[in-house]
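By full-length UniProt numbering, the letter at position 73 of the sequence shown is numbered 73, and the numbering carries on one by one without gaps.
Ideal Cβ positions, reconstructed from N, Cα and C, are used throughout, including at glycine.
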Amino acid sequence: MSTQPWNPTGQQYTIENGRDRLVATEVGATLRELELNGTAVLEDFGSDAAPVASQGNVLVPWPNRVRDGVWQLDGENQQLDISEPKFHNASHGLLRTQPYRVAAQDAASITLAADLHPQRGYPFSLATSVRYALTGAGLEVAHTIANRGARPAPAGIGTHGYYRIGDIDTDELTVTSTGATVIEVDERMNPTGTAPVPADKDLRGGRPVRGLEVDTAYTDLDADGDRFEHSLAASDGRTLTVWGDEQFRWVQFYTSDRIRGDGTRSLAIEPMTMPANAFNSGDGLRWIAPGETWTARWGVTFTG
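Written as structure tokens, this is what we have:
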């Protein structure tokens, strides 16, 4: 493992196993680079830059949004800081800009840890960690949250990678996912209900990324064994799969032209254990008991 100090995202941690390689950062435990079988499969950014549009971020203790940053605990309003001024929401948790420390490491993995202390809108004490491991079969990521406080703590987990297959234009790839239901949202991207997936967003049979415009959460996923899978495939047969364990019952897909800086498009595939505004709806919200530890896993594989 090598490190490089004094970057916008802090220390840079490089892990290699054969032809697989990743770079994770001190700030936010962000996954900055990922190569599998020698092929770049993640939209990366330089060590001298900051992530754009939540690239590679860890989304804890909630993914997506909390409407107006307001939720109720024991009948009292809690006010989270507004981190998405455009839509006046609290977005993507509390750890994206926080420093992590190295808790464990070996030749093929690294575990980064950060503590959450009671704060405005979230009065809980959590010990969190993320383990990135190159297993020889791909990347496996394990998120662990332990409640160190005296009362149950609400939490969710999400991830925010933008994926690629080498230098192929993302619009030339085919995306496949099994979601039968989408979450409908208002003009501020907060849920208003669910609906059967419309034809223009239906990914179940696979469809070209070209022409797809989404910032959409899907659910009612079909499991493949004990996991949910979402894939990007190239015409030459190379296929990238993002998977989540049975706790990741939602996935957000997001098309963006902001990531590469050249106007071409990227696709985020974001497994989530709960959807937007779950602190209010309760959908998928996990309450972690005092002294309890919760772990959820996701990963990336690549063939071809």
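Inter-residue Cα distance where the pair is residue i and residue j
i, j, result
"T255", "A217", "12 angstroms"
"E84", "G18", "40 angstroms"
"G237", "F279", "41 angstroms"
"G56", "V141", "12 angstroms"
"V58", "M272", "11 angstroms"
"I82", "G263", "29 angstroms"
"G93", "Q119", "13 angstroms"
"D283", "D106", "37 angstroms"
"I183", "W298", "22 angstroms"
"E270", "E76", "31 angstroms"
"A234", "T30", "26 angstroms"
"L112", "T295", "14 angstroms"
"D226", "P8", "38 angstroms"
"P208", "Y163", "14 angstroms"
"H230", "V60", "21 angstroms"
"R188", "L285", "21 angstroms"
"Q79", "D68", "8 angstroms"
"Q98", "E213", "31 angstroms"
"R101", "L126", "15 angstroms"
"T170", "D257", "11 angstroms"
"residue 312", "G28", "What is shown of the chain runs 1 to 304, which leaves residue 312 out entirely."
"L240", "V41", "7 angstroms"
"L232", "W250", "17 angstroms"
Residue i, DSSP secondary structure in three states
i, result
"F279", "helix"
"D200", "helix"
"D224", "strand"
"E292", "coil"
"E172", "helix"
"N57", "strand"
"E187", "coil"
"D245", "strand"
"T178", "coil"
"F302", "strand"
"G158", "strand"
"D115", "strand"
"M274", "coil"
Bounding residues of the beta strand (DSSP E) (the contiguous stretch that carries residue i)
i, result
"Y122", "Run containing Y122: none; DSSP gives neither H nor E here."
"D106", "101-106"
"V23", "20-25"
"D257", "D257 -> no beta strand (DSSP E), and no H or E assigned at all."
"A50", "Counting along the chain, A50 falls outside any beta strand (DSSP E), and DSSP gives it neither H nor E."
"D215", "215-219"
Own chain residues within Cβ distance below 8 angstroms of residue i, not counting five before or after
i, result
"G181", "The sequence shown places Thr at residue 181, not Gly. Taken in chain order, the residues that qualify are T194, A195, P196, V197, Y218, T219, D220."
"S109", "I15, R131, Y132, A133, L134"
"A223", "E246"
Neighbourhood of residue i by C-beta, 7 angstroms cutoff - its chain only, sequence neighbours within 5 removed
i, result
"T39", "I165, G166, F302"
"D44", "R32, E33"
"R151", "P290"
"residue 352", "Past the edges of the chain, shown from 1 to 304, lies residue 352, and the structure says nothing about it."
Environment of residue i [buried if 16+ CB atoms lie within 10 Å]
i, result
"E172", "exposed"
"P191", "buried"
"A146", "buried"
"A104", "exposed"
"A137", "exposed"
"T128", "buried"
"A160", "The amino acid occupying residue 160 in the given sequence is His; Ala does not appear at that position. Looking at its Cβ environment, which holds 16 or more other Cβ atoms inside 10 Å, H160 is buried."
"D20", "buried"
"A114", "buried"
Distance cut-off 8 angstroms: residue i Cβ against heavy atoms of the ligand HEM
i, result
"G284", "As presented, the structure is devoid of all ligands, the ligand HEM included, so that no description of it is given."
Beta-carbon proximity list for residue i, same chain, < 6 angstroms, skipping 5 on both sides
i, result
"W287", "P152, P154"
"W62", "G93, G156"
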